[in-house]
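Participant: So the sequence shown is residues 1 to 618, counted in full-length UniProt numbering.
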Amino acid sequence: QPSRSLTDYRPYWAECFGIAPFLPTSREEMDALGWDSCDVIIVTGDAYVDHPSFGMAVIGRVLEAHGFRVGIIPQPGWQDKTDFKRLGKPNLYFGIAAGNMDSLINHYTADRKVRRDDAYTPDNVAGKRPDRAVIVYSQRCREAFGGVPIVIGSIEASLRRIAHFDYWSDKVRRSILFDAKADMLLYGNAERAIVDLTHRLAAGEKIDAINDIRGTAFSLKMGPPGFRAVDESRLPEDRQERVRLMDGGQDSYIELPAYEQVLADKELYAHASRILHRETNPHNARPLAQRHGDRLLWLNPPPIPLTSEELDWVFEQPYQRVPHPLYGEARIPAYEMIQHSINIMRGCFGGCTFCSITEHEGRIIQSRSEASIIREIEAVRDKSPGFTGVISDLGGPTANMWRLGCKDRETESKCRRLSCVYPGICSNLNTDQMPLVSLYRKASETNGVKKVLIASGLRYDLAVQTPEYVKELVSEHVGGYLKIAPEHTETGPLSKMMKPGIGTYDRFKKLFDQYSKAAGKEQYLIPYFIAGHPGTTDKDMLNLACWLKANGFRADQVQNFYPSPMATATAMYYSTRNPLKRVGRSAEQVSVVRKGRQRRLHKAFLRYHDPENWPLLR
Ligand code: SF4
Numbered sequence: 001q002p003s004r005s006l007t008d009y010r011p012y013w014a015e016c017f018g019i020a021p022f023l024p025t026s027r028e029e030m031d032a033l034g035w036d037s038c039d040v041i042i043v044t045g046d047a048y049v050d051h052p053s054f055g056m057a058v059i060g061r062v063l064e065a066h067g068f069r070v071g072i073i074p075q076p077g078w079q080d081k082t083d084f085k086r087l088g089k090p091n092l093y094f095g096i097a098a099g100n101m102d103s104l105i106n107h108y109t110a111d112r113k114v115r116r117d118d119a120y121t122p123d124n125v126a127g128k129r130p131d132r133a134v135i136v137y138s139q140r141c142r143e144a145f146g147g148v149p150i151v152i153g154s155i156e157a158s159l160r161r162i163a164h165f166d167y168w169s170d171k172v173r174r175s176i177l178f179d180a181k182a183d184m185l186l187y188g189n190a191e192r193a194i195v196d197l198t199h200r201l202a203a204g205e206k207i208d209a210i211n212d213i214r215g216t217a218f219s220l221k222m223g224p225p226g227f228r229a230v231d232e233s234r235l236p237e238d239r240q241e242r243v244r245l246m247d248g249g250q251d252s253y254i255e256l257p258a259y260e261q262v263l264a265d266k267e268l269y270a271h272a273s274r275i276l277h278r279e280t281n282p283h284n285a286r287p288l289a290q291r292h293g294d295r296l297l298w299l300n301p302p303p304i305p306l307t308s309e310e311l312d313w314v315f316e317q318p319y320q321r322v323p324h325p326l327y328g329e330a331r332i333p334a335y336e337m338i339q340h341s342i343n344i345m346r347g348c349f350g351g352c353t354f355c356s357i358t359e360h361e362g363r364i365i366q367s368r369s370e371a372s373i374i375r376e377i378e379a380v381r382d383k384s385p386g387f388t389g390v391i392s393d394l395g396g397p398t399a400n401m402w403r404l405g406c407k408d409r410e411t412e413s414k415c416r417r418l419s420c421v422y423p424g425i426c427s428n429l430n431t432d433q434m435p436l437v438s439l440y441r442k443a444s445e446t447n448g449v450k451k452v453l454i455a456s457g458l459r460y461d462l463a464v465q466t467p468e469y470v471k472e473l474v475s476e477h478v479g480g481y482l483k484i485a486p487e488h489t490e491t492g493p494l495s496k497m498m499k500p501g502i503g504t505y506d507r508f509k510k511l512f513d514q515y516s517k518a519a520g521k522e523q524y525l526i527p528y529f530i531a532g533h534p535g536t537t538d539k540d541m542l543n544l545a546c547w548l549k550a551n552g553f554r555a556d557q558v559q560n561f562y563p564s565p566m567a568t569a570t571a572m573y574y575s576t577r578n579p580l581k582r583v584g585r586s587a588e589q590v591s592v593v594r595k596g597r598q599r600r601l602h603k604a605f606l607r608y609h610d611p612e613n614w615p616l617l618r
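1. With a cut-off of 8 Å on the beta carbons, I'd call Ile342 and Leu296 a contact; round off their distance for me.
2. Only counting the same chain, and skipping five residues up and downstream in sequence, which positions put a Cβ closer than 8 Å to that of Tyr505?
3. Restricting to Cα atoms, I'd like to know which of His477, Tyr120, Ala379 and Ala180 is closest to Gln317.
4. Consult DSSP for Leu580 and reduce its assignment to one of helix, strand or coil.
5. Would Phe94 and Val62 qualify as a contact pair, given that the criterion is a beta-carbon distance under 8 Å?
6. How many whole angstroms separate the CB atoms of Gly99 and Gly153, which I take to be in contact at a CB cut-off of 8 Å?
7. Using only CA atoms, which one of Ser103, Ala229 and Ala182 lies nearest to Tyr167?
8. According to the Cβ coordinates, are Tyr187 and Gly223 closer than 8 Å?
9. When the Cα of Pro500 is compared with those of Val421, Glu472, Ser427 and Leu439, which residue comes out closest?
10. Please give me, in chain order, every unbroken run of the alpha helix (DSSP H) with length at least 4 that falls completely inside the stretch 317–345.
11. For Gln366, which three-state DSSP category applies?
12. Report whether the distance from the Cβ of Glu191 to the nearest heavy atom of ligand 1 is below 7 Å.
13. Could you name the residues of the same chain whose beta carbon sits closer than 8 Å to that of Val464, not counting the 5 residues immediately before and after it, in chain order?
14. May I ask you to report which of helix, strand or coil DSSP gives Leu306?
15. Report whether the distance from the Cβ of Thr82 to the nearest heavy atom of ligand 1 is below 7 Å.
16. Excluding the 5 residues preceding and the 5 following Ile275 in the sequence, name in chain order all residues of the same chain whose CB lies nearer than 8 Å to its CB.
17. When you measure from the CB of Leu429 to every non-hydrogen atom of ligand 1, does any distance come out below 7 Å?
18. Residues in its own chain within less than 8 Å of Val558 by CB, not counting five upstream and five downstream?
19. For Val243, name the three-state secondary structure that DSSP assigns.
20. In the DSSP assignment, find the beta strand (DSSP E) that holds Val151 and state where it starts and stops.
21. Looking at Arg174: is its Cβ nearer than 8 Å to the Cβ of Tyr269?
22. For Gln79, count neighbouring Cβ atoms within 10 angstroms of its own Cβ and tell me buried if that reaches 16, exposed if not.
23. In this structure, does DSSP put Asp111 in helix, strand or coil?
24. With hydrogens ignored, establish whether the beta-carbon of Phe145 is closer than 7 Å to any heavy atom of ligand 1.
25. Could you check the C-alpha separation between Arg599 and Ala518 for me, to the nearest Å?
26. Can you look up Thr44 in the DSSP assignment and give me helix, strand or coil?
27. When you compare the CB of Val464 with every CB in chain B, is at least one pair closer than 8 Å?
28. Could you give the C-beta distance for Tyr48 and Ile96, rounded to a whole number, given that I count them as a contact under 8 Å?
29. In this structure, how does DSSP classify Val172 when only helix, strand and coil are distinguished?
30. If we ignore side chains and look at the alpha-carbon of each, how far apart do Met497 and Asn578 end up?
31. Could you check what DSSP says for Asn300 in three-state terms: helix, strand or coil?
32. Between which two residues does the alpha helix (DSSP H) holding Tyr253 run?
33. Provide the residue span of the beta strand (DSSP E) that contains Ala14, from first to last.
34. Please list, in chain order, all residues of the same chain as Gly480 whose beta carbon is under 6 Å from its beta carbon, the five residues on each side excluded.
35. Given a cut-off of 8 Å, decide if Phe68 and Thr198 are closer than it, judged by their beta-carbon atoms.
36. Under 8 Å by Cβ, that's how I've got Ile41 and His360 pegged, so tell me the actual separation to the nearest angstrom.
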């Protein structure tokens, strides 16, 4: 399917109702807008904050810009269907989202302990959404209005789109599409898919007949006519492209090992994970299919990244930039954290295996234009309550990938590497961060702005490629401490994380200290490390503790590895195989720390200085 511009649609007739001050959350608000019904109702596990950092606001405002009437049911009571009926029956579909986080990560720590707070809820209160929110909400919507199509999305659906290991139940679960009994699953950033889907449903197409939208998954009885299944496990990987060419590139799909097979066989699980990750480049990915019993889960290739113009358009919808008035004076910590920050890009080409950003947003960086970013800074200055002149972050998934990417479009369109910066920085990668330096300076010169801080995670191996960038960052945009994440010091775990060696950290630290001194500032680097990542031995942790001691670091907080759905490191954790290489019966075994004494021991090494840990460490 060719990429169609996000704005290249004739607006739906309901455009005549105009722009809602807030998308309605009650019948009274709908009445005030003159609506008799909603075209789309979004049910979400987060509080409704009308801000471009919150998924329900982005999707709601984008659909509104296309003329659709969108209602929001935020954090409904899920014990019965009452809350799900409060906006009436939607004309087109229910859109279901767990919120900005997977509901289980929201509820439980890496040690599976229940969290006592929820930053996406008014007053930080826990317990306002169910476990597995997408499944529960879908069921209640069906009970409220049977026959209305159910479209699921958000991180929770996106990262559970194929059969996946679920850390909390300690088993492999089916694709969430089947457990939610949804009609369609949207994965990744869903603007293109949802705009196309909504217009087509509004034009009278049946959801069962819509099967050609990128970034969607749905259930079929068998592969579509004209497509030929390719069993990748029977092909040497260097022949994959040839198979694609033989098939004309368009009419083959990859059949992943079935749910029942990956449930029974860990090697096949790791193999399926490897294939999925190699099919994430939207310019060469093929459709994937995975049998679940007598149904075939079908995944169309990922969405084509948004252009700068399209991304600007998404970010410049008429967001109020505050929580919905229904929350009164209640404080929403996730909102307070981002209310004075600006998201400048999407995507990440780092490929760290414990992180799922690439699986969700893709490896190709989508950057906003400088003019749009400056306009948003002005909007924060003019509209955001409590703004004191400090922009708390100009960033995104990473601080310093804005406008970076492959130098050659054609090379990029053929590439299947999982990272552009591991095992070393690819020679095809443009690493020039001078445009970002210019952006920081322009942002700092905006009227009413006193300071621009950078708080997003810094890719320091990239940063050292442009020393002028490090100088600008360190001299002007660090608030005394800069957190960075080498994650480990030892080659074994670093190679399983796809992170650079600690030597790169040393190079960055040298520049950091040099420029801090030149600026007359006393500033500190705070390195972060992960305990218990697959591939980590007791000796690796001992060596890390020795490095921490030698460098005078005493960590207050430590992170234990958290096996999130669909991450490559989670596949290692579950299968003890390494899907970064071709998986076979003789494939490399990965050491894994699961629970009990060894998991506590690895964590204790990070806080070697705490007397409470000494008995364990001795
Ligand atoms: S060729 Fe290199 S820079 Fe280009 S997409 Fe592939 S890994 Fe990234």
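Note that CB positions come from ideal geometry on N, CA and C, so glycine has one too.
It should be emphasised that the depicted structure is a prediction, and the values quoted were computed from it without experimental measurement.
Facilitator: To lay it out plainly:
1. No, Ile342 and Leu296 are not in contact; Cβ-Cβ is about 42 Å, not under 8 Å.
2. Tyr460, Ile484, Pro486 and Pro527
3. Ala379
4. coil
5. no
6. The pair is not a contact, with the Cβ atoms about 11 Å apart (cut-off 8 Å).
7. Ser103
8. no
9. Val421
10. 333–338
11. strand
12. no
13. Val470, Thr504, Arg507, Phe508 and Leu511
14. coil
15. no
16. Glu232, Ile254, Leu256 and Leu288
17. yes
18. Phe529, Ala531, Lys603, Leu606 and Arg607
19. Residue placement at Val243 cannot be trusted, given a pLDDT of 48 that sits under 50; what the coordinates show is reported in the next sentence. It is helical.
20. Ile150 to Gly153
21. no
22. exposed
23. coil
24. no
25. 43 Å
26. strand
27. Any reference to chain B falls outside this structure, which holds one protein chain only.
28. Not confirmed; about 15 Å, so no contact.
29. strand
30. 11 Å
31. coil
32. Element bounds for Tyr253: not the alpha helix (DSSP H) but the beta strand (DSSP E), Ser252 to Leu256.
33. Per DSSP, Ala14 belongs to no beta strand (DSSP E) and is neither H nor E.
34. Gln523
35. yes
36. Going by Cβ atoms, the distance from Ile41 to His360 rounds to 24 Å, so no, they are not a contact pair.
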